[in-house]
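2 protein chains.
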Amino acid sequence: MPVNKSSTAFGPTTLNHAMQILQITARGGYRGASIDDYLNALSFSRPTLYRLLKGLKQQGFLRSSPVRGRYLLGYELLVLGAQAGNGAGLRDLARPRLLALAQRWGDSFYLFARDGVNAVCLEVQNGAYPVGSFVRATGGRLPLGVGQASIALLAYLGADERNEILSHNAERLIDEYAIAIADIDAEIAHQLKHGYARGVEGSLLPEYSGLAIPILDHSGHPLGAMSCSMLKSRMTADHKWEVLQGMQEEVAAMVNQAHGLLYLD
Amino acid sequence: MPVNKSSTAFGPTTLNHAMQILQITARGGYRGASIDDYLNALSFSRPTLYRLLKGLKQQGFLRSSPVRGRYLLGYELLVLGAQAGNGAGLRDLARPRLLALAQRWGDSFYLFARDGVNAVCLEVQNGAYPVGSFVRATGGRLPLGVGQASIALLAYLGADERNEILSHNAERLIDEYAIAIADIDAEIAHQLKHGYARGVEGSLLPEYSGLAIPILDHSGHPLGAMSCSMLKSRMTADHKWEVLQGMQEEVAAMVNQAHGLLYLD
DNA sequence: CGGCTATGTCTCATTTAGTGAGATGAAATC
DNA sequence: GATTTCATCTCACTAAATGAGACATAGCCG
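Residue numbers (the working numbering), protein chains in the order written: chain C, 0 to 264; chain R, 0 to 264.
Here is the structure:
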């Protein structure tokens, strides 16, 4: 099957081919992809495939698996990805703060950013208590609408933009996550009224609950969101308030730091 | 200045150009790169640059900065990077174990893998005690020879391969890290004799110390290394032994798990 | 050891498809 | 509203990627 039917075959074809190769490789998880995986999914010839594989390998974007004939994603991606996740320097600012929160309260804390119609997890810090979450680690991606952090991100976008995103994601939200748009709208209203978001009810993972707050720049535009996740049984009114306050303090401090270095040209 | 003098202009040029763009963007850190950064460093024309930028943006490998005319690395890299860091599924296996170690002992624990002549950090888990380290986060990369984990990785390579790596890195090791090859050889001998590596003396970061053990597959080939880092003052004989044992147990358990799923085709 | 299969490489003619120069359009700044 | 810089467009050109198939090599299994 082709990699992406709707891939509006754009721009330098070589580039697209290369990216298709990476996506196919990624799809194979830690097993990587085989020559046949590529040849079946791609529309170009074997020599071309090998040329690109070689080029990508040389750039560090692929490496060959110990199993002959299989290819894995290369560590250059990890290095660049780490950079990419530090947009606006947020991640570096957030990491120690997430750690402090996790150590103090024992819950798990997350930093998210918007990525088109999705939210990506830039950083996680798990605490001592076990927790379930849609994302397990840095690099996890969810359609906007899923999870508390999504709400915090969505709430501070323009209404038109937000609706566009939500209608784009509506199908996936219902099908894959059992979340209705109406519930999201309600939670966004809550976010705007009270300054924080809770998990959307009716989702999967019914045993867990969470909180999220936005990270806004000086003009009210969302740079990201900080969220936490915990067993529902831990979410007493007191604990909720403690954690929320802790998060708010950390975010406020982050934003202060950020303004120092964010817009200096 | 050109991106990489020794880049043996290889394979599809478009691919190389694209990768150069990514590298230049990465070099800009969280500020990204400007049009002039690209045009100064690259050897192709403005229209071509824009074509590639557009293509990379569309693929999610770049995004445009809030500041007009600047480009940042895209989150697709983060997502792929997260995948890339899970080579052989090691990272998923290691993450909870690193967390458990960090929570139990309060020190900071790391998972490393070999990446050519470098070691890359696949995962970090900081503990409650403050710590300094050459890598701050996932995606950090060090020349093999620096740090405990390097030793654990190097020790189980063939002697020829190891020497090749070390002579390749020798200059950087001395210049940037003040580490002599002889010290590394000594520490490798220690690793092979005692089964674990300590930090190489005479390096920078004199206040910190660490330990590392290899993660070996059934045939004795190194899949990665687990290491830890702590304030030198915390490294009492007792604590060292405790932590080492904890790490060894976790690694043994990991390898057991791994064998279950590693070589199933 | 010696076929067997699948991976990886090579050559070379073909022509696609990316390229450069410069003009033009769009946005932000002052 | 003028100016600068970013971004796109057009078009002719030819460099450079491509495909077909032959060739080489490495594991694999009897």
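We put the beta carbon where it would ideally sit given N, CA and C, even for glycine. Since we're looking at a predicted model, the values are computed, not measured.
- The three-state secondary structure of residue 186 of chain C, taken from DSSP, is helix.
- By the Cβ criterion, the segment 41-55 of chain R is not in contact with the segment 52-66 of chain C, since fewer than three pairs of Cβ atoms, one from each stretch, lie closer than 8 Å.
- In the DSSP assignment, residue 114 of chain R falls within the beta strand (DSSP E) that extends over 107-114.
- Apart from the 5 residues on each side of it in sequence, residue 230 of chain C sits with its Cβ closer than 8 Å to the Cβ of 128, 129, 130, 206, 207, 208 in its chain, given in chain order.
- The three-state reading of DSSP puts residue 33 of chain R in strand, counting E and B together.
- DSSP, reduced to helix, strand and coil, places residue 100 of chain R within a helical segment of the structure shown.
- Note that the C-beta distance between residue 152 of chain R and residue 213 of chain R is below 8 Å.
- Under the three-state reduction of DSSP, residue 123 of chain C is assigned to strand.
- Across the structure, residue 172 of chain C and residue 179 of chain C are spaced so that their CA atoms are roughly 7 Å apart.
- A distance below 8 Å separates the beta carbons of residue 196 of chain R and residue 189 of chain R.
- Within 10 angstroms of the beta-carbon of residue 244 of chain C lie fewer than 16 other beta-carbons, which makes it exposed.
- For chain C, the residues of the segment 127-160 of chain R that bring a beta carbon within less than 9 Å of one of its beta carbons are 127, 135, 136, 137, 138, 139, 140, in chain order.
- Of the candidates R/88, R/136, R/234, R/224, the residue whose Cα lies closest to the Cα of residue 143 of chain R is R/224.
- The continuous beta strand (DSSP E) containing residue 207 of chain C extends over residues 207-215.
- At a cut-off of 8 Å, the C-beta of residue 106 of chain C has no neighbouring C-beta in chain R.
- The DSSP-derived three-state label of residue 73 of chain R is coil.
- Pairing residue 39 of chain R with residue 16 of chain R, the inter-Cα distance amounts to about 13 Å.
- Residue 256 of chain R has its alpha-carbon roughly 11 Å from the corresponding atom of residue 87 of chain R.
- For residue 226 of chain C against residue 204 of chain C, the beta-carbon gap comes to about 13 Å, at or over 8 Å, which does not count as contact.
- Annotation: the continuous alpha helix (DSSP H) that includes residue 149 of chain C extends over 146-154.
- The shortest C-alpha to C-alpha distance from residue 118 of chain C to any of C/21, C/18, C/138 is the one to C/138.
- Taking C-beta atoms as the reference points, residue 61 of chain R and residue 24 of chain R count as a pair closer than 8 Å.
- At a cut-off of 8 Å between beta carbons, residue 18 of chain R contacts chain C.
- Contact between residue 132 of chain C and residue 228 of chain C holds, since their C-beta atoms are separated by about 5 Å, short of 8 Å.
- A Cβ of chain C is located within less than 8 Å of the beta carbon of residue 11 of chain R.
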